[in-house]
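Taking it in order: structure first as C-alpha cells, then the write-up.
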Amino acid sequence: MIDSARLFAPETYAAVRRPLTEAETLPSDCYVSPEFHRREIERIFRPRWRFVGRADEIAAPGAYRTVDTFAGPVVVVRGRDGVLRGFLNSCRHRGAQLLEGQGECASAIVCPYHAWKFDLDGRLLGAPAMEKTQGFDRGKNGLIPVRLESWGGFLFVNPNPDAPPLLQAWGDLPEVLGPYRFEEMVCVRRIEFDIACNWKLVTENAMEEYHTGTVHKVSLGQQHGESVATRGEWDALYIKQDTTIALMTGETSSLPFIAGLPDKHRHGTYFTMIYPSLQFACTQDCMWWLDFQPLGPERTKVSVGFCFPRTTVARQDFAGQVQRYYARWETSIGEDNGIGEVQQRGLRALGRPAGRLSWKEHHVHKLANWVLDQVLDRPASARRAAE
Ligand code: FES
Ligand SMILES: [Fe+2]
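Going by numbering that gives the first Met the number 0, the sequence shown opens with residue 0, and the numbers climb by one from there.
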C-alpha cells in the first residue's frame, strides 16, 4: 500500500509517466483507496458537466429525469413552453428531494413533504399555511436553476454557475462526430448496472480492443483498432469494419446506414471517450453511449443508452431487427462488466506490483496520465511558477 503522504506525490508515479512501451500501469491503490477516490471526485467529477441522457427521453411538457451529480441531486424538466430546464432537486422549504427517477409530473412539481407547489419553469405557485410568515416572498422562493446545455440531443448539467461552457473542452469532437447527426436520433432503450469495480477499470476497458479476443471470444471476436488523433478532452479508437459493429459475429441486418456518412465513417466505428468517463460508440447504423459514474472506490454505475435515427425506428422491420442488437449489447456489456469485477478483485492482492502495458493499451496509459494530471499535488516549484 502507498502511505497517505506519498499517495499524491508526483514521484510515486514516475513509472506511469514514462512513454507507453516503457511505462507501468497505475498502482493498485488508485483503484481501491478511498482517499484517491475522494480526490478524483473533487478534482475530476465535481467540476465537470454531468451527462443526463437524451432530450427525446424528456419529450412531453411535464416530463422529467433526475440525475445525481457530485454537487447534489438535479432534475431536468420540460416546461409547457417546450423548453427543458435544470433545477436543484431540492425543495425551497426544508429541502426535501422533489422528484425521483424519471416520469411525468403533469402541470406542476409538488413537494412530497408539505406540498409546496412549483411551476414547471421553477416559480413557486403555492405554499400552504405560509400567510403568517413575516416577509415571505413567493417570488424569491422558486426552484434554484442549474445550468443545462445540450449537443446533438445529449443533455448535460452543471450546478457550478462559473463552469466553462460544455463544448469548451470537447475540441474537434463535434466536427468528427457531427456526420452521425445525433440530433435526428432517438433513444430506444436504456439500461443501468451497479457493478463492483472502480470507474477507471470499465473506462479503460472501453478504450482497448486487446481484450476482445478473450472476453468477447464468442460474441464479437478479436477486433483491431487504431488510435485517432483528437483535439480536446476526448479520445477515439477507430475500428475498421464495413458492416455495423452493433451485431454479433456473423449476423447481418436490414437496417440502413445513417444517410450521408463520409467514407471513413461508412467503413468503421468510432469508440470515443469524453473524459473522464462518457463513451459514444458510433457505428454505421446507430450509436450507443456508456456512462461510467463512480459510486465509491470499488463501485460504479454503468448507464447505457441505444439510439437509432428516427427514420430507422419508423421502419416496419425495426422492431424485429433491433432484438438482435439488444442481444449483442446485453451480452458484450455483461462481459465487460464481469471482467471489470474480476480485475477489481485481483487488484486487492496486497503487495501486488504495478504491471506493464502492451502497445495496444495506448488509451489506458493516456487515461492514467490524465487522471494523474488532475489529482496529484504539484511540486512546490511548479506551484510557485503558476502563482
Ligand atoms: S420540504 Fe418541501 S414543502 Fe416542506
Ligand atoms: Fe469489451
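Note that the Cβ used here is the ideal one computed from N, Cα and C, for glycine as well.
Range covered by the beta strand (DSSP E) that runs through residue i
{"i": "residue 235", "result": "233 to 239"}
{"i": "residue 288", "result": "286 to 295"}
{"i": "residue 38", "result": "Taken as a continuous stretch (DSSP letters only), residue 38 belongs to no beta strand (DSSP E), being part of the alpha helix (DSSP H) at 33 to 39."}
{"i": "residue 262", "result": "Note, residue 262: premise wrong, no beta strand (DSSP E); alpha helix (DSSP H) at 262 to 265."}
{"i": "residue 299", "result": "298 to 308"}
{"i": "residue 388", "result": "This structure gives no information on residue 388, because the portion of the chain shown stretches from 0 to 386."}
{"i": "residue 81", "result": "No beta strand (DSSP E) holds residue 81; DSSP gives it neither H nor E."}
{"i": "residue 219", "result": "No beta strand (DSSP E) contains residue 219, which DSSP labels as neither H nor E."}
{"i": "residue 53", "result": "49 to 53"}
{"i": "residue 107", "result": "107 to 109"}
{"i": "residue 101", "result": "101 to 103"}
{"i": "residue 125", "result": "123 to 125"}
Sequence-distant residues of the same chain with beta carbon closer than 7 Å to residue i, five excluded per side
{"i": "residue 250", "result": "323"}
{"i": "residue 122", "result": "141"}
{"i": "residue 144", "result": "84, 85, 86, 121"}
{"i": "residue 365", "result": "234"}
{"i": "residue 358", "result": "19, 20"}
{"i": "residue 45", "result": "69, 70"}
{"i": "residue 239", "result": "266, 267"}
{"i": "residue 96", "result": "72, 88, 89"}
Selected residue, minimal CA-CA separation from residue i, among the options
{"i": "residue 302", "options": "352, 49, 309", "result": "49"}
{"i": "residue 252", "options": "284, 84, 273, 234", "result": "284"}
{"i": "residue 261", "options": "175, 368, 202, 208", "result": "175"}
{"i": "residue 392", "options": "128, 53, 40, 80", "result": "The question about residue 392 has no answer, for the chain in this structure spans 0 to 386."}
{"i": "residue 59", "options": "73, 72, 82", "result": "82"}
{"i": "residue 202", "options": "13, 370, 5, 246", "result": "370"}
{"i": "residue 75", "options": "91, 57, 362, 298", "result": "57"}
{"i": "residue 192", "options": "291, 242, 66", "result": "291"}
{"i": "residue 271", "options": "77, 306, 229, 21", "result": "229"}
{"i": "residue 91", "options": "71, 126, 66", "result": "126"}
{"i": "residue 153", "options": "305, 356, 223", "result": "305"}
{"i": "residue 363", "options": "0, 7, 11, 22", "result": "22"}
{"i": "residue 51", "options": "64, 11, 211", "result": "64"}
{"i": "residue 188", "options": "294, 318, 351", "result": "318"}
{"i": "residue 26", "options": "281, 361, 346", "result": "346"}
{"i": "residue 331", "options": "220, 170, 7", "result": "220"}
For residue i, three-class secondary structure by DSSP
{"i": "residue 140", "result": "coil"}
{"i": "residue 225", "result": "strand"}
{"i": "residue 15", "result": "coil"}
{"i": "residue 69", "result": "coil"}
{"i": "residue 209", "result": "coil"}
{"i": "residue 63", "result": "strand"}
{"i": "residue 177", "result": "helix"}
{"i": "residue 91", "result": "coil"}
{"i": "residue 352", "result": "coil"}
{"i": "residue 168", "result": "helix"}
{"i": "residue 197", "result": "coil"}
{"i": "residue 230", "result": "coil"}
{"i": "residue 187", "result": "strand"}
{"i": "residue 27", "result": "coil"}
{"i": "residue 416", "result": "Any property of residue 416 remains undetermined from this structure, which presents the chain solely from 0 to 386."}
{"i": "residue 192", "result": "strand"}
Residues of its chain near residue i, where Cβ-Cβ distance is below 8 Å and the 5 sequence neighbours each way are ignored
{"i": "residue 296", "result": "30, 31, 32, 33, 35, 36, 197"}
{"i": "residue 119", "result": "60, 61, 76, 77, 78, 79, 84, 104, 106, 107, 108"}
{"i": "residue 329", "result": "190"}
{"i": "residue 17", "result": "23"}
Element boundaries [alpha helix (DSSP H), containing residue i]
{"i": "residue 323", "result": "317 to 346"}
{"i": "residue 365", "result": "361 to 374"}
{"i": "residue 277", "result": "First-last for residue 277: 277 to 281, but that is the beta strand (DSSP E), not the alpha helix (DSSP H)."}
{"i": "residue 156", "result": "First-last for residue 156: 153 to 157, but that is the beta strand (DSSP E), not the alpha helix (DSSP H)."}
Residue i versus residue j - alpha carbon distance
{"i": "residue 320", "j": "residue 254", "result": "7 Å"}
{"i": "residue 101", "j": "residue 110", "result": "15 Å"}
{"i": "residue 341", "j": "residue 348", "result": "12 Å"}
{"i": "residue 232", "j": "residue 9", "result": "22 Å"}
{"i": "residue 207", "j": "residue 236", "result": "8 Å"}
{"i": "residue 316", "j": "residue 288", "result": "23 Å"}
{"i": "residue 151", "j": "residue 3", "result": "43 Å"}
{"i": "residue 181", "j": "residue 277", "result": "15 Å"}
{"i": "residue 308", "j": "residue 106", "result": "30 Å"}
{"i": "residue 173", "j": "residue 273", "result": "12 Å"}
{"i": "residue 132", "j": "residue 138", "result": "14 Å"}
{"i": "residue 167", "j": "residue 134", "result": "42 Å"}
{"i": "residue 247", "j": "residue 311", "result": "20 Å"}
{"i": "residue 286", "j": "residue 344", "result": "31 Å"}
{"i": "residue 163", "j": "residue 217", "result": "44 Å"}
{"i": "residue 372", "j": "residue 149", "result": "27 Å"}
{"i": "residue 377", "j": "residue 160", "result": "26 Å"}
C-beta neighbour in chain D for residue i, strict 8 Å
{"i": "residue 292", "result": "The structure shown contains no chain D; it holds only a single protein chain."}
Other residues of its chain near residue i: CB distance less than 6 Å, five sequence neighbours each side excluded
{"i": "residue 146", "result": "157"}
{"i": "residue 338", "result": "214"}
{"i": "residue 241", "result": "266"}
{"i": "residue 38", "result": "374"}
beta-carbon residue i near ligand 3 non-hydrogen atom, thresh 7 Å
{"i": "residue 335", "result": "This structure lacks ligand 3; the ligands present are ligand 1 and ligand 2."}
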